[in-house]
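Q: Following this message is one structure expressed as structure tokens.
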Amino acid sequence: MGVIAAIGAPALTSCGDGGAPAGTNAGQAVLPTFVKFPVASADLPGTNEGVTDGYFTYPANPPRVTTGVPGDGKPITVMMPAANAIPPATDQNAYAQELNRRLGSELKVAWTPSADWSQKLATTIAGDQLPDVFNLQNETPDFPAMLEAKALDLTPYLAGDAIKKYPALANIPTDSWRGAVFNGKIFGLPIPRGITTSRILYRREDILEQLGAATVPSSFADFLELCRIATDPGKNRWALAGLPLTFIQEMYELPNNWTETDGNFSHLFEHEHMKDALESGRQLVASKVVNPDAFASAQAQYKKWFDAGTAVMVEDSLSAWQGFQRRGATVPGFKMAAHPAPGAEGGKGVFWLGKPNHSITAINKKAADRVETILNVLNWLSSPFGSEEDMFRQYGIAGTDYELNGSDPIMTDQGTLEIKANPVYLTGSPATLYISQGEDAVRARHEAEEALVPLAVKDDSNGLYSATASRAGAQQLKAMEALQNDIVQGRKAVSDWDAGVKEWQAKAGDKMRLEYEEAFMHMNNA
Amino acid sequence: MSRKIIDGMPAPALGASLLKGLILLLICTVVIVPFVGIISTSVASPEQVTKAGGFVLFPDSIQWSAYASVLSGGVVTRSLFVSAGITVVGTLLSLTVTSMLGWALSRRSMVGNKFMIMLVLFSLLFTPGMIPTYLMVKQLGMLDSYWALIVPTMVSGFNVIVMRSFFSGIPTELIDAARIDGAGEWQIFRRIALPLSKAVMAVIGLFYAVGYWNSFFNAMLYLSDSAKWPLQLVLRTYVVNGTQLGDSDLGSLDAVMPPEPSIQMAILVIAIVPILLVYPFLQKHFAKGVLTGAVKG
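Residue numbers (this note's numbering), protein chains in the order written: chain L, 7 to 532; chain H, 5 to 301.
Structure (structure tokens):
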């Protein structure tokens, strides 16, 4: 019962995903074997380096890729952040009822507003009330110790070839699994995001074309000039919604957070050109090409300015593409594009890859007797794009939650409400690029990805654990961001950066460096 | 030119009156504009909201689609009933317990009176932390129960002190007279003290009601079943999740998108209006009730 098999999928081939050698604080032996699970061939194929598979339409007649029912008839309790507004309760939600039926076990989900997640998790752990399955973010303090105490060691079930029993989980890239390994054990299942968490600079191409300024800048000076042309306060229009600091740092080819050379780690803050990037940021603000309310507003507001054309460019994650495109459909002539950062003095910049995972999902130690059932359910939920399971999970019941236009699902009002019950922070298949009825948008984003990925720079601390980073990293980062803001807004001089870096090194940076170097050495020796 | 005398004071000059009027008008505008904006955005068309950058002051047309969307699916409607129930039951229980405690503490003859007052004051200065309170709620078996939204916040030390101050101001002659007529402590409380304390009860009741209505944090901590969530916690997922997560965390989930501003504003209106409707009925008690604690000790 509940045995999963790959049906209708091409032969399962074991291969690497082009990543670095295995192991977090673990040995290579512990990582699951990567077995690609292709269901539908992409219209625009991705690459091992990170370009996402692009699809113009949802594959017609998606095949079922699992057999039997994964659940054991008993409810599975789950705790995770709510990605959106909460769904209607199960008794009023046809999608949730059908999901439970297909899984063969009722998913009893305790949703929590994402802003309150850390408090909910802390109290739930303290009260020993953790459910069978729970989401965990990397920022959780003393992560490995907490996992050792509360989470089930999944190594015997998932390490090496053992994962082949769960073909959809084996389809998750090795880079993502690194984020689920602590103290040499697999403590969770990654929620993979591929390169979609990376930040890019979006442009309103329609507005730039109207201004006759649709050229791609080839240096920082060019970019500044473009921003000046695009800004017209009289028309309530600024070139930039917020200061695109990542884009500027990419122009100066700065490291993506931590960088490793011969086992030695150094941080972006310490880089010689960091001050040049800050000076460039200061120049953009001083030139009044950034929305004057930018520093008092959040990313959600930036999106609205971009949608409205009040901002011509905005820095956001790659996965925001779909949202911009969808909302842009109501704006006549809306056209959007993105391009890699040019070198500050000409030539090419770099592209910072985002974290490969959103978070991980752990299984409660107390649920050890049901681990295989739970893994079967999670495997079902990770079914790849183009499968019947994925189509149901993402779009619900045909005729109720969506109607087909060709082979593309178009959500109904009921579907839009009910689909919020999709347990998105439980697990998932690798990221794909598909926008319903949006072939042009898929082409545009794929093209942007093809230009960006060859310039990709990884954060070398990804998959490594630093206790100091988990305890004090976020707080010290906030202090540095405050200093950055003071500098770019002209309240402090660029030269003040050096003192800030020394303080950061003393309070957290140096310890983090040592811990990462140690973890890196341990990983390579394992 | 002699100025008119009002209440023994010369009436202010026309210029000064105009200036004051203008300043008051400006302050009122600053207060009212966000409300108007919330209501206008909630009924504006999605195209206009997008064009205006998410905030509309004067809608081109009135559309109720945001309200229809918010009220469909039953989540908001259900939570509205939960909030109303928690607010009514909680406020009644809070008023009962607070008035009884306030009355007891106002009786100087009560054994341990000062110690009890110190305990109440202590609760104002030192509040228990989040985790100890959670553990207590768990020990009491109230996790995932509506009682978890009422019991931990049922008594506010501040309101007890206000109530005690009011009861202390009731003339002792009145109480002595009742006692001579054969009334016991309970009868004095019910028949003498409570009827005299309508104003302070109205105000404290309002404080409690607003507290229960606006509370989301306890529900977030103690309730795992989202079908039991009160309106404010549902509202939080609409408004805060939209801004915190945006669509940056949604990966390839094309179908799940943050709510539009008009939907966020519609649910804000739904959350504000019921409690706002209570104010006019209590307004006449407000000044008197609020001053009770301020001038009597």
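No residue lacks a Cβ here, since even glycine has one placed at the ideal position from N, Cα and C.
Mind listing the chain L neighbours of Pro-50 of chain H? Cutoff is C-beta to C-beta under 7 Å, in chain order.
A: Chain L residues near Pro-50 of chain H: Thr-336.
Q: Using a Cβ-Cβ cut-off of 8 Å (strictly less than) and excluding sequence neighbours within five positions of Asn-370 of chain L, which residues of its own chain qualify?
A: Excluding positions up to five away in sequence, the list reads Leu-136, Pro-137, Asp-138, Val-139, Phe-140, Lys-156, Ala-157, Leu-158.
Q: Listed from N- to C-terminal order along the chain, which residues in the region 33 to 61 of chain H have their beta-carbon within a distance smaller than 7 Å of any beta-carbon of chain L?
A: The region 33 to 61 of chain H vs chain L, Cβ under 7 Å: Pro-50, Glu-51, Thr-54, Lys-55, Ala-56, Gly-57, Gly-58.
Q: Closer than 7 Å between beta carbons: that is the criterion. Which residues of the region 112 to 138 of chain H meet it against chain L?
A: Answer in chain order: Met-134, Ile-135, Tyr-138.
Q: Shorter than 9 Å from the beta carbon of Pro-156 of chain H to some beta carbon of chain L?
A: No, Pro-156 of chain H does not count as interfacial toward chain L.
Q: Shortest alpha-carbon distance to Asn-54 of chain L belongs to which of L:Glu-456, L:Ala-514, L:Asp-492, L:Asp-465?
A: The candidate whose alpha carbon is nearest that of Asn-54 of chain L is L:Glu-456.
Q: Going along the chain, which residues of its own chain have a beta-carbon closer than 7 Å to the beta-carbon of Val-296 of chain L, five neighbours each way excluded?
A: Counting only Cβ-Cβ distances below 7 Å, and skipping sequence neighbours, we find Trp-244, Leu-246, Gly-248, Leu-249, Leu-290.
Q: Assuming Lys-55 of chain H is part of the beta strand (DSSP E), what are its boundary residues?
A: Counting along the chain, Lys-55 of chain H falls outside any beta strand (DSSP E), though it belongs to the alpha helix (DSSP H) covering 50 to 55.
Q: At a Cβ threshold of 9 Å, is Leu-225 of chain H touching chain L?
A: Cβ-Cβ to chain L under 9 Å: yes for Leu-225 of chain H.
Q: In chain order, what are the residue ranges of uninterrupted alpha helix (DSSP H) at least 4 long that sit wholly in the region 195 to 225 of chain L?
A: With a minimum length of 4 residues, the continuous alpha helix (DSSP H) runs that stay inside the region 195 to 225 of chain L are 211 to 216.
Q: Could you tell me whether any Cβ in chain L is nearer than 9 Å to the Cβ of Ser-76 of chain H?
A: Ser-76 of chain H counts as touching chain L.
Q: Is Val-238 of chain H close to chain L, meaning its C-beta is less than 9 Å from at least one C-beta of that chain?
A: Yes, Val-238 of chain H counts as interfacial toward chain L.
Q: Under the rule that 16 or more other beta-carbon atoms within 10 Å means buried, what is Ser-252 of chain H, buried or exposed?
A: Summary for Ser-252 of chain H: the model assigns pLDDT 40, below 50, so the residue's position carries little reliability, and this model does not support an answer.
Q: Report the rounded CA-to-CA distance for Val-84 of chain L versus Ala-203 of chain H, giving the unit in angstroms.
A: Taking the straight line from one Cα to the other gives about 48 Å.
Q: Is it buried or exposed for Val-35 of chain H, if we count other Cβ within 10 angstroms and need 16 for buried?
A: So Val-35 of chain H counts as exposed.
Q: Does any C-beta atom of chain L lie closer than 9 Å to the C-beta of Asp-64 of chain H?
A: Closer than 9 Å: no.
Q: Work out the CA separation of Val-377 of chain L and Pro-27 of chain L for me, nearest whole Å.
A: Residue confidence is low: Pro-27 of chain L scores 31 on pLDDT, short of 50, so the model does not pin down where it sits. Its coordinate-derived value is still stated next. Those two C-alpha atoms are separated by around 28 Å.
Q: So with Cβ pairs under 9 Å, would you call Gln-135 of chain L a contact of chain H?
A: Taking Cβ atoms only, chain H reaches closer than 9 Å to Gln-135 of chain L, which makes this a yes.
Q: Quick check: what's the CA-CA separation for Leu-286 of chain H versus Val-79 of chain H?
A: Approximately 30 Å, taken between the alpha carbons.
Q: Looking only at its chain, what residues have a beta carbon closer than 7 Å to the beta carbon of Ile-174 of chain H, apart from the 5 residues adjacent to it on each side?
A: Excluding sequence neighbours, Ile-174 of chain H sits near Ala-197, Leu-200.
Q: Indicate whether at least one CB of chain H lies closer than 9 Å to the CB of Arg-519 of chain L.
A: So, not an interface residue.
Q: For Met-158 of chain H, does the three-state DSSP call read helix, strand or coil?
A: Coil.
Q: Any idea if Met-261 of chain H is buried or exposed, counting beta-carbon neighbours within 10 angstroms, 16 or more meaning buried?
A: With a pLDDT of only 47 at Met-261 of chain H, under the threshold of 50, the placement of this residue in the model should not be trusted; the figure read from the coordinates follows. Label assigned to Met-261 of chain H: buried.
Q: Check whether the Cβ of Ala-88 of chain H lies closer than 9 Å to any Cβ atom in chain L.
A: Not an interface residue.
Q: Should the region 485 to 499 of chain L be regarded as contacting the region 417 to 434 of chain L, the criterion being three or more beta carbon pairs within less than 8 Å?
A: Taking 8 Å as the limit for Cβ pairs, the verdict is that the region 417 to 434 of chain L does not touch the region 485 to 499 of chain L.
Q: Can you tell me the Cα-Cα spacing of Gln-443 of chain L and Ser-393 of chain L, whole angstroms?
A: Answer to the nearest angstrom: the Cα atoms are 19 Å apart.
Q: For the alpha helix (DSSP H) that contains Ile-416 of chain L, what are its first and last residues?
A: Per DSSP, Ile-416 of chain L belongs to no alpha helix (DSSP H); it is in the beta strand (DSSP E), 414 to 417.
Q: Would you kindly work out how many angstroms separate the C-alpha atoms of Ser-149 of chain H and Asn-222 of chain H, rounded to a whole number?
A: If I take the Cα positions, the gap works out to 11 Å.
Q: Considering only the beta carbon of each residue, do Ala-174 of chain L and Ser-365 of chain L sit closer than 9 Å?
A: Taking 9 Å as the Cβ cut-off, Ala-174 of chain L and Ser-365 of chain L do not qualify as a contacting pair.
Q: Could you please give the first and the last residue of the uninterrupted beta strand (DSSP E) stretch that includes Met-319 of chain L?
A: Its beta strand (DSSP E) spans residues 317 to 323.
Q: Name the chain H residues that come within less than 7 Å of Asp-122 of chain L, Cβ to Cβ?
A: What Asp-122 of chain L touches in chain H: Met-224.
Q: Between the alpha carbons of Gly-19 of chain H and Val-40 of chain H, how many angstroms are there, rounded?
A: Going from the Cα of Gly-19 of chain H to the Cα of Val-40 of chain H covers about 30 Å.
Q: Give the range of the alpha helix (DSSP H) segment to which Trp-503 of chain L is assigned.
A: First-last of the alpha helix (DSSP H) with Trp-503 of chain L: 503 to 510.
Q: What is the DSSP secondary structure of Ile-192 of chain L, counted as helix, strand or coil?
A: The answer is strand: DSSP assigns Ile-192 of chain L an E or B state.
Q: I want to know whether the region 256 to 273 of chain L touches the region 214 to 221 of chain L - three or more CB-CB distances under 8 Å.
A: Because the criterion of three Cβ pairs below 8 Å is not met, the region 256 to 273 of chain L and the region 214 to 221 of chain L do not touch.
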